[in-house]
Structure formats: C-alpha cells, structure tokens
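Asks: Residue numbering for the sequence shown follows the numbering used here, starting at -10 and increasing by one per position. C-beta atoms are modelled at their ideal positions from N, C-alpha and C, and glycine is treated no differently. Please read all numbers here as calculations on a predicted model, not as lab measurements.
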Amino acid sequence: MLNKQDLSLNELMLLNSELRRAEKSAGVAYLMLLGGHFGLHRFYLKRKGSGAAQLTLFAAALFFYLISIVASASDSTSLMIVSLTLCILPGLALFVWIIVDLFLLPSMLRAYNAAVEQDIIAAIVHHRRMEQLAGRG
-10 MLNKQDLSLN ELMLLNSELR RAEKSAGVAY LMLLGGHFGL HRFYLKRKGS
40 GAAQLTLFAA ALFFYLISIV ASASDSTSLM IVSLTLCILP GLALFVWIIV
90 DLFLLPSMLR AYNAAVEQDI IAAIVHHRRM EQLAGRG
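Below you can see the structure in the form of structure tokens.
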C-alpha cells in the first residue's frame, strides 16, 4: 500500500488537486439516498450491481402496483390481492435496504474515496518512476 508520506511536496499538491476533483461528496450521496428507491446513491459510488438491484426492486414493486390498479378497476379481487402482495414484497425489501444504506453510506464513501486516493498515488509514483528511468537513459 502506497503512502502519502512517500510523496514530495509537489506530488502532495497534485494528489490534493486530483482528490478534490475525483472524490465523492457525502452531501451529494445523502441527497441521492433520498431517491434511494432508484439506487442513485449506489450508482454514484460506482456500485453498479447493487444499484441495479435496487432499481429492479423498485421497478418490480411499481409493476405489481400498476397491475393491482388495473385489477381493482376490473373488479378482479384475487388478482388485486396477489399483485398487491407481490408489490409489497420488493417494496419492503427495498425500504429495509435503504434504511441499512443510511448507516452504511459513510463507510461506503470512505472506502470509495480511499480507493481513489490509492489510485492517484499509484499513478503519481508510476509517473515519478518513468521520469527517473527517462533521466537515466
């Protein structure tokens, strides 16, 4: 694992500049959590799989809710009950998942930003090594 202490002053300034540009904001992530049923906060943190799963749960709940509306208009009680049940299941799962994400979001942000920092440090060290090799040649 690369360290900030291994960088020169100019490299630290470059690191801070790149971090400001690339790191994710807690405020934006929490605002996106308000639209959590779409999984926006997870897409924002590059967690595409779980973001897609949350979006799918929302789509399933919406689909079965719309079916229950059609069933109630056509006086099909059994279809309405089944579709409402199938609407509640993914909706409840998504609700619980969003509540859990409310508490997991700070650690997800720290992990994402730490990974971004390590990537930038690795790129800076790689650039330094290339300059050293070019200087020797």
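Near Arg36, what residues of its chain come up, given a Cβ to Cβ distance below 8 angstroms and the 5 sequence neighbours on each side ignored?
Replies: On the sequence shown, position 47 is the one that residue 36 refers to. The answer, listed in chain order, is Met97.
Asks: Excluding the 5 residues preceding and the 5 following Ala11 in the sequence, name in chain order all residues of the same chain whose CB lies nearer than 8 angstroms to its CB.
Replies: Taking the sequence shown and counting its residues from 1, one reaches residue 11 at position 22. Closer than 8 angstroms at Cβ, skipping near neighbours: Val105, Ile109.
Asks: What are the uninterrupted segments assigned as alpha helix (DSSP H) that are 4 or more residues long and contained completely in the stretch 12 to 83, given in chain order?
Replies: The stretch 12 to 83 contains these whole alpha helix (DSSP H) runs: 15 to 23, 29 to 33, 37 to 62.
Asks: What separation, rounded to the nearest whole angstrom, lies between the Cα atoms of Gly126 and Gln107?
Replies: For the purposes of this step, residue 126 is taken as the residue at position 137 of the sequence shown. For the purposes of this step, residue 107 is taken as the residue at position 118 of the sequence shown. With a pLDDT of only 47 at Gly126, under the threshold of 50, the placement of this residue in the model should not be trusted, and no figure is reported.
Asks: Taking 8 angstroms as the threshold, find out whether the stretch 71 to 86 comes into contact with the stretch 36 to 51 through three or more Cβ pairs.
Replies: Counting Cβ pairs under 8 angstroms, three or more are found: they touch.
Asks: How many angstroms separate the CA atom of Ala100 from the CA atom of Thr66?
Replies: Working through the sequence shown from its first residue, we reach residue 100 at position 111. Working through the sequence shown from its first residue, we reach residue 66 at position 77. The alpha-carbon atoms of Ala100 and Thr66 are separated by roughly 49 angstroms.
Asks: Ordered along the chain, which non-local residues of its own chain (more than five positions away) have a Cβ less than 6 angstroms from that of Met69?
Replies: Residue mapping note: residue 69 aligns to position 80 of the sequence shown, counting from 1. Excluding sequence neighbours, Met69 sits near Ser57, Ala60, Ser61.
Asks: Relative to the C-alpha of Ser39, which residue among Leu73, Leu83, Glu120, Val71 is closest?
Replies: Position 50 of the sequence shown, counted from the first residue, corresponds to residue 39. Checked all of Leu73, Leu83, Glu120, Val71; the closest Cα to Ser39 is Leu83.
Asks: Would you tell me roughly how many angstroms separate the C-alpha atoms of Ala15 and Val114, rounded to the nearest one?
Replies: As a first step, residue 15 is located in the sequence shown; it is residue number 26 there, counting from the start. As a first step, residue 114 is located in the sequence shown; it is residue number 125 there, counting from the start. If you take the alpha carbons of Ala15 and Val114, they lie about 28 angstroms apart.
Asks: Take Leu46 and list the residues in its own chain whose beta-carbon comes closer than 7 angstroms to its own, dropping the five residues that flank it on each side.
Replies: Position 57 of the sequence shown, counted from the first residue, corresponds to residue 46. Contacts found: Pro79, Ala82, Leu83.
Asks: Check this for me: beta carbons of Leu94 and Leu44, under 8 angstroms apart or not?
Replies: One-based indexing of the sequence shown puts residue 94 at position 105. One-based indexing of the sequence shown puts residue 44 at position 55. Not in contact: Leu94 and Leu44 (Cβ atoms no closer than 8 angstroms).
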